[in-house]
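Residue numbers (the working numbering), protein chains in the order written: chain A, 1 to 112; chain B, 1001 to 1114.
From the three backbone atoms N, C-alpha and C, an ideal C-beta is built for every residue, glycine too.
Data first, discussion second: the structure below is written as structure tokens.
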Amino acid sequence: TQLLEQSPQFLSIQEGENLTVYCNSSSVFSSLQWYRQEPGEGPVLLVTVVTGGEVKKLKRLTFQFGDARKDSSLHITAAQPGDTGLYLCAGLRDNYGQNFVFGPGTRLSVLP
Amino acid sequence: EAGVTQSPTHLIKTRGQQATLRCSPISGHTSVYWYQQALGLGLQFLLWYDEGEERNRGNFPPRFSGRQFPNYSSELNVNALELEDSALYLCASSLGTGFLRGYTFGSGTRLTVV
């Protein structure tokens, strides 16, 4: 059983389209992070959110943490081929243990 | 600054053998984390080392073990290899607990057990 669920599992869109991917859990997280992983590489941190309802923007990417701190979304505006990759969310349930739980990821393909 | 480095990049072993994977964290990072990324299963937490001590381990059998050296580099050892151990093994380091700044990952070691 996955502690974090991500949807959709796969997404293929055309350049210029908008998209939203989701990260959901029945557990509360003290911190949630989004990473992007490209083939042959390790995940790279995009953002950290810690406050319920928090919204962060990173150029064309908008991240939102749910009010109850159980879910998050990532919205990409005007997607580009360079956005292609595996998007992973990772949640920290509490400060004890200090290991993030990762979701299975959304594999995004942006076609030119 | 140099990132997290892992070696080797690829490793092929036969069932029953032992594998040793190595990781050097970013300079100044004292925490090292090991994750297994198997196809279709996402990243599964293996081990966390900080200041030379094992602080936490994931739900893996004891044949997965490791250590952290005084220079904060780390080794992951997998004994009695099984076919299902084939995966990408990722090492990450963090400044402090990673709570706000997240992890910096290496590019991983691809372990294939045949």
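Could you work out which residues of chain B lie near residue i, taking near to mean beta carbons separated by less than 7 Å?
i: proline 39 (chain A); result: Within 7 Å Cβ-Cβ: nothing; proline 39 (chain A) doesn't reach chain B, min ~11 Å.
i: proline 167 (chain A); result: Only positions 1 to 112 of chain A appear in this structure, which leaves residue 167 (chain A) out of reach.
i: glycine 52 (chain A); result: Per Cβ cutoff of 7 Å: no residues; glycine 52 (chain A) is ~16 Å from chain B at best.
i: phenylalanine 10 (chain A); result: Going along chain B, no residue has its Cβ under 7 Å from phenylalanine 10 (chain A), so there is no contact; the nearest lies around 12 Å.
i: glycine 105 (chain A); result: Gly1042
i: glutamine 14 (chain A); result: None at all; the shortest Cβ gap to chain B is about 26 Å.
i: glutamine 33 (chain A); result: Gly1102
Within 10 Å of its beta-carbon, does residue i have 16 or more other beta-carbons around it, so buried, or fewer, so exposed?
i: glutamine 33 (chain A); result: buried
i: aspartate 124 (chain A); result: Since the first and last residues shown for chain A are 1 and 112, residue 124 (chain A) lies out of range.
i: arginine 69 (chain A); result: buried
i: leucine 1081 (chain B); result: buried
i: threonine 1109 (chain B); result: buried
i: arginine 1015 (chain B); result: exposed
i: threonine 1104 (chain B); result: buried
i: serine 1074 (chain B); result: buried
i: valine 1113 (chain B); result: buried
i: proline 43 (chain A); result: buried
i: isoleucine 1012 (chain B); result: exposed
i: leucine 1076 (chain B); result: buried
Apart from the five residues just before and just after residue i, which ones in its own chain have a Cβ nearer than 7 Å to its Cβ?
i: glutamate 17 (chain A); result: Ala79
i: phenylalanine 10 (chain A); result: Arg107
i: serine 72 (chain A); result: Cys23, Leu32, Val49, Phe63, Gln64, Phe65, Gly66, Cys89
i: glutamine 14 (chain A); result: Leu111
i: arginine 1055 (chain B); result: Trp1048, Tyr1049
Leaving out the 5 sequence neighbours to the left and right, which residues in its chain are closer than 6 Å to residue i when beta-carbon positions are compared?
i: glutamate 5 (chain A); result: Asn24
i: arginine 984 (chain B); result: Summary: the structure shown does not reach residue 984 (chain B), with chain B confined to residues 1001 through 1114, and so no result is reported for it.
i: leucine 86 (chain A); result: Gln37, Gly105, Arg107
i: serine 109 (chain A); result: Ser12, Thr84
i: histidine 75 (chain A); result: Thr20, Thr62
i: asparagine 1079 (chain B); result: Gln1018, Arg1063
Check the Cβ of residue i against every Cβ in chain A and list those closer than 7 Å, keeping chain order.
i: leucine 1090 (chain B); result: Gly42
i: glycine 1108 (chain B); result: Gly42
i: glycine 1052 (chain B); result: In chain order: nothing, as chain A lies at least about 15 Å away.
In chain order, what residues of the same chain have a beta carbon less than 8 Å from the beta carbon of residue i, not counting five sequence neighbours either side?
i: phenylalanine 29 (chain A); result: Arg69, Lys70, Gly91, Leu92, Arg93
Going along chain B, which residues have a C-beta under 9 Å from residue i?
i: phenylalanine 102 (chain A); result: Tyr1035, Gln1037, Gly1042, Leu1043, Gln1044, Phe1045
i: threonine 84 (chain A); result: Chain B residues near threonine 84 (chain A): none, gap ~18 Å exceeds 9 Å.
### Task
Jot down the residue ranges of each uninterrupted beta strand (DSSP E) in the segment 1020 to 1044 of chain B, minimum 3 residues, whole runs only, in chain order.
The segment 1020 to 1044 of chain B contains these whole beta strand (DSSP E) runs: 1031 to 1038.
### Task
Report yes or no: do the segment 1078 to 1093 of chain B and the segment 1037 to 1047 of chain B share at least 3 C-beta pairs separated by less than 8 Å?
The segment 1078 to 1093 of chain B vs the segment 1037 to 1047 of chain B: in contact.
### Message
Runs of 3 residues minimum, wholly inside the segment 47 to 78 of chain A: which ones carry the beta strand (DSSP E) assignment?
### Response
Counting only runs of 3 or more, we get 55 to 58, 61 to 65, 71 to 76.
### Message
Would you call the segment 1004 to 1015 of chain B in contact with the segment 46 to 60 of chain A, where contact means no fewer than 3 C-beta pairs closer than 8 Å?
### Response
Inter-segment contact for the segment 1004 to 1015 of chain B and the segment 46 to 60 of chain A is absent: fewer than three beta-carbon pairs are separated by less than 8 Å.
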